[in-house]
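Numbering (this note's numbering), first residue to last: 157 to 454. Report on the following structure.
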Ligand code: CP
Ligand code: NVA
């Protein structure tokens, strides 16, 4: 039984298989008879908001021949305190796979263990693996192999998105620089455990120098709303803008996982100047997640 619960738990071969197949899915969209999910129904259980992840999985499952049901976690008995283990045992007897977006990583892992069906992490506080697989696919589609390149992440270095980047760096052999205020940096233990070529600094300019990819994410992740005012102060100097982009390689890509807050983690001009990359990145969620689904059921 395969699951996609984190980049941490993936091996490089599986990542490469998915990235390769994402290209096939993209090239053959609309012209493929391949229906690996025919006869299956997948459940999507979301505790947090979503536009890209929700729509791309719903479309992707249908394109692969499956049925999909979207379940707002608060409408399930889960929202009234039914344990995740019981929810998992019930759904495991009814549906063929599950895609979960929630807070605790342990909930996704418990669901996978107790349901006995392929389970996908669609974002937890710990990781956003589908996003980072897509980002790497997009980088390689536009610029070639990511191995040996410099990826610079600007902003909240302790949230799910950079955490998935941290695990990917060692597996795919690229350099990762994280620029974040002291209080929002990933723990040294996590960096050491990942084994990657990773530097963490408070200095955005130093981190952006000669970078091949500049990347950012929101300052206020879902679940951190009560810290919004404090975070806006802490992150005030952590923005992707033209000045910072000028420090990167001339052909550097600028990416954002979206949603974007203009004037905060990225300024409006930088976002528009790199909109083609950023919205290709968003589109690629569909192709990459179809490859993830295909990998899970094969
Ligand atoms: N990037 C991302 O996961 O977007 P959504 O929150 O809209 O799914
Ligand atoms: N770090 C963000 C990612 C959104 C896709 C969050 O968790 O809200």
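From the three backbone atoms N, C-alpha and C, an ideal C-beta is built for every residue, glycine too.
Asked, Found
"Identified DSSP bridge partners for residue 227", "201"
"Residue nearest to residue 353 in terms of C-alpha spacing, selected from 282, 344, 359 and 360", "344"
"Terminal residues of the beta strand (DSSP E) in which residue 356 lies", "353-357"
"C-alpha distance - residue 247 paired with residue 257, whole-angstrom precision", "16 angstroms"
"Contacting residues, own chain, Cβ-Cβ under 6 angstroms from residue 378 (five flanking each side not counted)", "204"
"Given residue 233 as reference, the closest of 244, 365 and 355 once Cα atoms are compared", "244"
"Nonlocal neighbours in the same chain, by C-beta distance under 6 angstroms from residue 272, ignoring five residues either side", "248"
"Euclidean distance between Cα positions of residue 323 and residue 305", "15 angstroms"
"Whole-angstrom distance between residue 173 and residue 300, CA atom to CA atom", "16 angstroms"
"Whether residue 435 touches residue 311 by CB criterion (8 angstroms)", "no"
"Alpha carbon of residue 401 to alpha carbon of residue 431, nearest angstrom", "14 angstroms"
"Opposing strand residues paired with residue 450 [DSSP bridges]", "Answer by DSSP bridge pairing: none, since residue 450 is not bridged."
"Cα-Cα separation between residue 293 and residue 376, rounded to whole angstroms", "26 angstroms"
"Exposed unless 16 or more other CB atoms sit within 10 angstroms - verdict on residue 207", "exposed"
"DSSP beta-bridge partners of residue 253", "198"
"For residue 333, the first and last residue of its enclosing beta strand (DSSP E)", "331-335"
"Residue environment, residue 316, which counts as buried when at least 16 other CB atoms sit within 10 Å", "buried"
"Closer than 7 angstroms: residue 315 CB and nearest the ligand CP heavy atom", "no"
"Test item: CB-CB of residue 409 and residue 332 under 8 angstroms", "no"
"Candidates 383, 373, 185 and 384, of which the one nearest residue 440 by Cα", "185"
"Segment limits, alpha helix (DSSP H) that includes residue 306", "From DSSP, residue 306 is part of no alpha helix (DSSP H) but of the beta strand (DSSP E) over 306-310."
"Bridge partners - residue 412, DSSP secondary structure assignment", "372"
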